[in-house]
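A.B. asks:
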Amino acid sequence: MNKKSYLIAAAVGLALVVWMLSGLLIGSDSDSQAQTAATSEAAAPMRVEVETHTAEPVELSIENQGDTQALHDIQLRAETTGRVAEVLAREGERVTEGDLVVRLAAGDRDARQAEAQAAVAQAQADFDAAERLQGEGYQSSIAVSGAQAALAAAKARLKTINQEITDTRIRAPIDGVLESRAAEVGDYVSVGDAVARILVNDPLIVVAQVAQQDINAIELGREAEVELATGDTLTGRVRYISAAAESGSRTFRVEIEADNPDGVPAGVSATIRIPIEPVEAHFLSPAWLSLRDSGQVGVKGVDEDDLVVFHPVDIVRTERDGVWVSGLPERLRVITTGQGYVREGEPVTPVVSED
Numbered sequence: 001m002n003k004k005s006y007l008i009a010a011a012v013g014l015a016l017v018v019w020m021l022s023g024l025l026i027g028s029d030s031d032s033q034a035q036t037a038a039t040s041e042a043a044a045p046m047r048v049e050v051e052t053h054t055a056e057p058v059e060l061s062i063e064n065q066g067d068t069q070a071l072h073d074i075q076l077r078a079e080t081t082g083r084v085a086e087v088l089a090r091e092g093e094r095v096t097e098g099d100l101v102v103r104l105a106a107g108d109r110d111a112r113q114a115e116a117q118a119a120v121a122q123a124q125a126d127f128d129a130a131e132r133l134q135g136e137g138y139q140s141s142i143a144v145s146g147a148q149a150a151l152a153a154a155k156a157r158l159k160t161i162n163q164e165i166t167d168t169r170i171r172a173p174i175d176g177v178l179e180s181r182a183a184e185v186g187d188y189v190s191v192g193d194a195v196a197r198i199l200v201n202d203p204l205i206v207v208a209q210v211a212q213q214d215i216n217a218i219e220l221g222r223e224a225e226v227e228l229a230t231g232d233t234l235t236g237r238v239r240y241i242s243a244a245a246e247s248g249s250r251t252f253r254v255e256i257e258a259d260n261p262d263g264v265p266a267g268v269s270a271t272i273r274i275p276i277e278p279v280e281a282h283f284l285s286p287a288w289l290s291l292r293d294s295g296q297v298g299v300k301g302v303d304e305d306d307l308v309v310f311h312p313v314d315i316v317r318t319e320r321d322g323v324w325v326s327g328l329p330e331r332l333r334v335i336t337t338g339q340g341y342v343r344e345g346e347p348v349t350p351v352v353s354e355d
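Number 53 in this note's numbering belongs to position 53 of the sequence shown; there are no gaps in the numbering.
#1: Quick one: what does DSSP say T39 is sitting in, helix, strand or coil?
#2: If P278 sits next to P57, beta carbons under 8 angstroms apart, how far is it from one beta carbon to the other, in whole angstroms?
#3: Quick check: the Cα distance between R317 and V299, rounded to an integer number of angstroms?
#4: Assuming N260 and D306 are in contact, meaning their beta carbons sit under 8 angstroms apart, how far apart are those beta carbons, in whole angstroms?
#5: Quick check on A34: does DSSP put it in helix, strand or coil?
#6: In angstroms with no decimal places, state the Cα-to-Cα distance between G82 and V191.
#7: Excluding five sequence neighbours on each side, which residues of the same chain lie with their C-beta closer than 6 angstroms to the C-beta of R112?
#8: Exposed or buried, Q122, counting other C-beta atoms within 10 Å across all chains shown (16 or more means buried)?
#9: Tell whether a beta-carbon distance below 8 angstroms holds between L100 and T80.
#10: Would you report the Cα separation of S141 and T166, rounded to the nearest angstrom?
#11: Just checking my contact of R273 with E257 at CB under 8 angstroms: how many whole Å lie between their CB atoms?
#12: On a Cα-Cα basis, can you pick out the residue from F310, V297, A266 that is closest to V73?
#13: Would you tell me roughly how many angstroms separate the C-alpha atoms of P173 and E97, rounded to the nearest one?
#14: Given G27, which residues of its chain have a CB within under 8 angstroms of its CB, disregarding the five upstream and five downstream residues?
#15: Candidates A211, P312, A208: which alpha carbon is nearest L291's?
#16: For K159, I'd like the list of residues in its chain whose CB is within less than 7 angstroms of its CB, leaving aside the five on either flank, ordered along the chain.
#17: Going by CA-CA distance only, name the one from I170, A70, Q75, E219 that's closest to G263.
#18: Could you check how far apart the C-beta atoms of V309 and V48 are, in whole angstroms? I think they sit under 8 angstroms.
#19: Determine the direct distance from the alpha carbon of D110 to that of A119, and round the result to whole angstroms.
#20: Among D232, L228, I218, T235, which has the Cα closest to the Cα of A243?
#21: Using DSSP's beta-bridge definition, name the partner residues of Y188.
#22: Which residue's Cα is closest to the Cα of P286: D67, D321, G176, I241?
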């Protein structure tokens, strides 16, 4: 190769080196600009959509499951012995206080009553005669006292047999429904044996167990709504609140007394709702709720400095379209989109939600 060829090759090589170096410099410049742009973009606050919400009073209620019970559940029992001679009320029939339900055979009671009446009459005559003779000086005071005691004993025996006869007629002690009969004609009953059962269902009692965290919100006399499994709805008032919780469940027995003119039966499942004092709450979409690492439920909002703030909340009522929550400021910009990508204290660019 001649000298001229060497010079040409050297010139080409030098040009190639210069070209490569210029590419590196240009590339380095471009990379630097891209990195600067990325850093600038990362430093810009994230855009989040927000909606402004204002608290409003919301009606709340305590809801529990329960069942209906009769106001009175009475077992009619025999107060004397005897054979059942007649049953005058049928099962399911309404009875009124004083109605004759069961009649026992009198047996020898009528004869014993007549004998006791005669004994009283004789004792009265003896006592009257003793008093007259004492007044005439022919009878001692001891004899008069004896006649008086005999009269008292005769009257006591008459009273006993009269009560026995009364007890053979077993009557309804209260207005109600004859739920069942435990004795039929021909049965022999002794003192204390059940002969019939009477229920009083108007008013009706609805019993529920209320959680300990809710019990302080319930007051005697507070109105309650009762929705029964039968489809009926009753309105009543709280008539009883237990003074002590059940040891196992830590719940309190609460009773609602409700008028029952249609005779809804006892033993029906029920849902009770007891309205309590309204609270200030916000109606939000469940999708806007967030969780702290600790598991605490809350809402992320934006404060006046455009910083993310986490507000713990309590869900006080749920509806089909959203939830009512308490614990928020009266007025708040709630993050509706992007809350999952920002942290507490982080600056953001809030944009009003188009919805």
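All residues carry an ideal CB built from backbone N, CA and C; glycine is no exception.
C.D. replies: This is what the structure gives:
#1: Confidence at T39 is low in this model, with a pLDDT of 49, below 50, so its placement is unreliable and the value that follows should be read with caution. In the structure shown, T39 sits in a helix (DSSP, three-state: H, G or I).
#2: 4 angstroms
#3: 16 angstroms
#4: Incorrect: roughly 60 angstroms between the Cβ atoms, too far for contact.
#5: With a pLDDT of 46 at A34, under the threshold of 50, the modelled position of that residue is not reliable, and the figure given next carries that caveat. Three-state result, A34: helix.
#6: 9 angstroms
#7: I161
#8: exposed
#9: no
#10: 37 angstroms
#11: Incorrect: roughly 15 angstroms between the Cβ atoms, too far for contact.
#12: Note that residue 73 is Asp in the sequence shown, not Val. Ranking F310, V297, A266 by Cα distance to D73 puts A266 first.
#13: 5 angstroms
#14: Note on G27: pLDDT 43, under 50, position unreliable in the model; the coordinate value appears next. Excluding sequence neighbours, G27 sits near nothing in its chain.
#15: P312
#16: none
#17: A70
#18: Not quite, the Cβ-Cβ distance comes to about 12 angstroms (not below 8 angstroms), so this is no contact.
#19: 14 angstroms
#20: I218
#21: R83
#22: D321
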